[in-house]
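Residue numbers (the working numbering): 13 to 520.
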């Protein structure tokens, strides 16, 4: 790409002496000519221009191109368009041409034509700060700046916050508006190179969102995206912003951009078109129907809705307590996660009658929690319910519920990696499962067995305050800080208690 780079102080043009020293160094390396690629700013033009004049006076073959790719200004400014991230593409094209042995005059002609077919527009959520100085401008939390330069200067418009896809649409519409004196001329069917540039403070996740929106919008306009580069190419310190560069390309220009380079920071992207690539698939709206089977044994209890409503009410009341317990051992959202599950179940009960058979009910709840609850808790409950549903498919008598409990626990242990004594919800569930095995005894009193199971689950949950965590997020926390019961164990015990209370309540 470049043979040499001349840097000044932050946001300041390099000194004439530094530029001249670089030209002399390149000349001493027996270069047949030197091309200065300069972004269109007054200080840069002056200093590089003066260095060029002095170098030519010394007999050096030197030329200069001034790049202006800014598409922010609708009315042409006397100073011309500012040089922005598109200049990086000029570096690449000029370097590739030089590597092919193209003469200096021809390189100047070609890169000048490339610059005329290119535009860049920036947007930012924040200013930046030169080290030791205050921010270059001020922005409210609900505002963003459109049309910034790369030296921390404010843009041409300040707007209220909007979703990413609308910001991208605003940017691309402005860049390609024929009434804009600095627009990029785009017609349906045109082929473009898209560069999504981090101005300094954005995450790759945010860059990816902007890039995805830009690709989708351009494709909807019938534009072919030959290449799309996403990354940090020309930054403005810590500015939380992004710029979009569009360059109209043909096969010859694309080959120059694709050409090999030893520049370590140049992205080694796949040399394939972005357009016509299927990036999304529509998820099926409904789950496939479960395998039909004829259950035998005890039908589902008419109190099932009451039990679920009691569980939901209990979890909603426990939200703050569970969050507080989770602050010491996790990320403080255990109560919120369980409350989210409770609300999802309540909405589901309002919209649909629960399935009649226990196996179908547990399977439906598993799918619901996997979709709505989220986090590791959603996965664990989903595992438990999915596995517990299987023994109930062919038989749902009392002994089968004990088998279902054991099956759910085994699935959680197998995939979750925890065991009783690890300070997790398994401590409560395993304690309850021990008591529920009494259901296999002929003539067992269901309510007495369940009451003992709940009692043991609550004792086990309380005992976790004295355990050292060996699984989950809490395992990374010093045991000295874990002086409260595990929130997952407390939640599991509370759910079992709510099931007992729901079964005690007579349906209306």
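Don't be surprised by glycine CBs; every beta carbon is placed ideally from N, CA and C.
These numbers were taken from a predicted model, which means no experiment stands behind them.
Buried versus exposed, by CB contacts within 10 Å (16 or more), residue i
{"i": "residue 89", "result": "exposed"}
{"i": "residue 204", "result": "buried"}
{"i": "residue 468", "result": "buried"}
{"i": "residue 242", "result": "buried"}
{"i": "residue 492", "result": "Because residue 492 sits at a pLDDT of 41, beneath the cut-off of 50, its placement in the model cannot be relied upon, and the following sentence gives the value as read from the coordinates. That one is exposed."}
{"i": "residue 502", "result": "buried"}
{"i": "residue 190", "result": "exposed"}
{"i": "residue 509", "result": "buried"}
{"i": "residue 527", "result": "Residue 527 cannot be examined here, being either before or after the span of the chain that is shown, 13 to 520."}
{"i": "residue 485", "result": "For residue 485, the pLDDT reaches just 47, beneath the cut-off of 50, and the residue's location in the model is therefore unreliable, although a value from the coordinates is still provided. Residue 485 should be labelled exposed."}
{"i": "residue 197", "result": "exposed"}
Residues near residue i by beta carbon distance below 6 Å, same chain, minus five either side
{"i": "residue 161", "result": "94"}
{"i": "residue 249", "result": "140 and 212"}
{"i": "residue 273", "result": "13"}
{"i": "residue 470", "result": "505"}
{"i": "residue 91", "result": "none"}
{"i": "residue 45", "result": "73 and 116"}
{"i": "residue 367", "result": "373 and 376"}
{"i": "residue 462", "result": "512"}
{"i": "residue 420", "result": "396, 399 and 400"}
{"i": "residue 365", "result": "none"}
Endpoints, the beta strand (DSSP E) within which residue i is located
{"i": "residue 443", "result": "Not the beta strand (DSSP E): residue 443 falls in the alpha helix (DSSP H), residues 437-448."}
{"i": "residue 239", "result": "236-243"}
Selected residue, minimal CA-CA separation from residue i, among the options
{"i": "residue 30", "options": "85, 18 and 443", "result": "18"}
{"i": "residue 480", "options": "463, 498 and 464", "result": "498"}
{"i": "residue 146", "options": "152, 157, 130 and 164", "result": "164"}
{"i": "residue 277", "options": "24, 103 and 357", "result": "103"}
{"i": "residue 369", "options": "402, 357, 48 and 396", "result": "402"}
{"i": "residue 418", "options": "221, 295 and 441", "result": "441"}
{"i": "residue 399", "options": "384, 433, 372 and 432", "result": "372"}
{"i": "residue 378", "options": "396, 363 and 434", "result": "396"}
{"i": "residue 169", "options": "175, 133 and 191", "result": "133"}
{"i": "residue 454", "options": "362, 411, 462 and 439", "result": "411"}
{"i": "residue 507", "options": "430, 321, 407 and 348", "result": "321"}
{"i": "residue 334", "options": "148, 346, 222 and 293", "result": "346"}
{"i": "residue 195", "options": "224, 206, 258 and 443", "result": "258"}
{"i": "residue 22", "options": "41, 404, 55 and 42", "result": "55"}
{"i": "residue 353", "options": "182, 325 and 344", "result": "325"}
Neighbour flag for residue i against chain B, beta carbons, 7 Å
{"i": "residue 209", "result": "Chain labels in this structure do not include chain B; a single protein chain is all it has."}
Per-residue DSSP class, three states only, for residue i
{"i": "residue 82", "result": "strand"}
{"i": "residue 170", "result": "strand"}
{"i": "residue 75", "result": "strand"}
{"i": "residue 138", "result": "coil"}
{"i": "residue 151", "result": "coil"}
{"i": "residue 205", "result": "strand"}
{"i": "residue 514", "result": "helix"}
{"i": "residue 250", "result": "coil"}
{"i": "residue 158", "result": "strand"}
{"i": "residue 210", "result": "strand"}
{"i": "residue 385", "result": "coil"}
{"i": "residue 197", "result": "coil"}
{"i": "residue 131", "result": "strand"}
{"i": "residue 232", "result": "helix"}
{"i": "residue 407", "result": "strand"}
{"i": "residue 339", "result": "helix"}
{"i": "residue 380", "result": "helix"}
{"i": "residue 420", "result": "helix"}
Boundaries of the alpha helix (DSSP H) in which residue i is found, first to last residue
{"i": "residue 255", "result": "Careful: residue 255 lies outside any alpha helix (DSSP H), inside the beta strand (DSSP E) at 253-260."}
{"i": "residue 51", "result": "Looking at the DSSP string, residue 51 is not in any alpha helix (DSSP H); the run it does join, the beta strand (DSSP E), is 46-51."}
{"i": "residue 498", "result": "Looking at the DSSP string, residue 498 is not in any alpha helix (DSSP H), and its letter there is neither H nor E."}
{"i": "residue 468", "result": "458-475"}
{"i": "residue 359", "result": "346-363"}
{"i": "residue 326", "result": "316-329"}
{"i": "residue 146", "result": "Taken as a continuous stretch (DSSP letters only), residue 146 belongs to no alpha helix (DSSP H), as it is neither H nor E."}
{"i": "residue 275", "result": "Residue 275 -> no alpha helix (DSSP H), and no H or E assigned at all."}
{"i": "residue 294", "result": "Looking at the DSSP string, residue 294 is not in any alpha helix (DSSP H), and its letter there is neither H nor E."}
{"i": "residue 67", "result": "54-69"}
Residues near residue i in its chain [Cβ-Cβ closer than 7 Å; skip 5 each side]
{"i": "residue 360", "result": "380"}
{"i": "residue 449", "result": "414"}
{"i": "residue 60", "result": "31, 48, 50 and 76"}
{"i": "residue 282", "result": "none"}
{"i": "residue 62", "result": "28"}
{"i": "residue 109", "result": "119, 122 and 268"}
{"i": "residue 35", "result": "46, 63, 67, 72 and 74"}
{"i": "residue 16", "result": "34, 37 and 38"}
Closer than 6 Å: residue i CB and nearest the ligand SAH heavy atom
{"i": "residue 114", "result": "The ligand SAH is not part of this structure, which contains no ligands at all."}
Beta-carbon contacts of residue i that lie in its chain and below 8 Å, excluding the five residues immediately before and after
{"i": "residue 251", "result": "136, 138, 139, 140, 160, 164, 211, 212 and 213"}
{"i": "residue 439", "result": "432, 433, 472, 473, 475, 476, 479, 498 and 501"}
{"i": "residue 231", "result": "237 and 287"}
{"i": "residue 166", "result": "139, 148, 149, 157 and 160"}
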